[in-house]
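A.B. asks: Note that this note's numbering gives residue 99 to position 99 of the sequence shown, counting from 1, and the numbers run on in steps of one. Ideal placement from N, C-alpha and C gives every residue a C-beta, glycine not left out. Sharing a structure, written as structure tokens. Questions coming.
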Amino acid sequence: MNAGVTNPQPSTATIGDDSDDLLSPEERREAGRYAYRVWWSAADNAYLAQAEGLPGSTAHGATEHTAIELAHEAAATALAGYRVLGWAPPPASGGGQLTARRTVVIEPPVYDADRIRSVRERVNASQTVFARLLGVSAQAVHAWERGQSTPSGSARRLLEVVERFPGVARPLLRDRHDHQP
């Protein structure tokens, strides 16, 4: 990371502006190198999360997932501040093994019929192809999309991955005409 910045460009963003131009991809990547701690705060009636060892990265949210996402954004913002000031940021602490003692695995979101259909349509797959991608039956996807049943935990996790990163599905799918045995 560049320790010094000369002549930083003034920001044209305003409060409430959702512009992503304020944070560089490098700052966002660097924020991902930190280990994040999340806990419930009864005093705040919210989950709090923080990048370990990075002051200014604490955030709160209604769910663990939201708190961590907001803490990641706060960490990237803190790293941008370090860059602008020419300071070296604290070393990332995320290099250690993820253990049950230090790690909270966030539960996958709940998926209703409309959300499942939206994820499937986002990858432009039929119910049958989407079912094969997720490793479930076409009948299961059909039932989910009709609201007759809900996906299991592992299926919800796969839905979350495909929803967050739809590009991950494309390399797993091939046109039958391109398939070689």
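Measure from the alpha carbon of residue 167 to the alpha carbon of each residue in 119, 52, 136, then state which is nearest.
C.D. replies: Here the question's residue 167 lines up with position 167 in the sequence shown. That would be 119, whose Cα lies nearest to the Cα of residue 167.
A.B. asks: Between the C-alpha atoms of residue 24 and residue 72, what's the straight-line distance to the nearest angstrom?
C.D. replies: For the purposes of this step, residue 24 is identified with residue 24 of the sequence shown, where counting begins at 1. For the purposes of this step, residue 72 is identified with residue 72 of the sequence shown, where counting begins at 1. Residue 24 and residue 72: Cα-Cα distance of roughly 13 Å.
A.B. asks: How close, in whole Å, do the beta carbons of residue 46 and residue 58 come, if the pair is a contact with beta carbons under 8 Å?
C.D. replies: For the purposes of this step, residue 46 is taken as the residue at position 46 of the sequence shown. For the purposes of this step, residue 58 is taken as the residue at position 58 of the sequence shown. About 11 Å separates the two Cβ atoms, so there is no contact after all.
A.B. asks: Note the first and the last residue of the continuous beta strand (DSSP E) segment covering residue 60.
C.D. replies: Residue numbering aside, residue 60 sits at position 60 when the sequence shown is read from its first letter. Residues 59-61.
A.B. asks: Taking residue 115 as the reference, give the member of 43, 68, 169, 151 with the closest Cα.
C.D. replies: Here residue 115 corresponds to residue number 115 of the sequence shown, with the count starting at 1. Comparing Cα-Cα distances from residue 115 to each of 43, 68, 169, 151, the minimum goes to 151.
A.B. asks: What are the start and end residues of the alpha helix (DSSP H) that includes residue 159?
C.D. replies: Your numbering for residue 159 matches position 159 in the sequence shown. Unbroken alpha helix (DSSP H) run through residue 159: 153-164.
A.B. asks: Report all residues from its chain with a CB closer than 6 Å to the CB of residue 157; omit the five preceding and five following residues, and keep chain order.
C.D. replies: Stepping through the sequence shown from its first residue, residue 157 is reached at position 157. Closer than 6 Å at Cβ, skipping near neighbours: 108.
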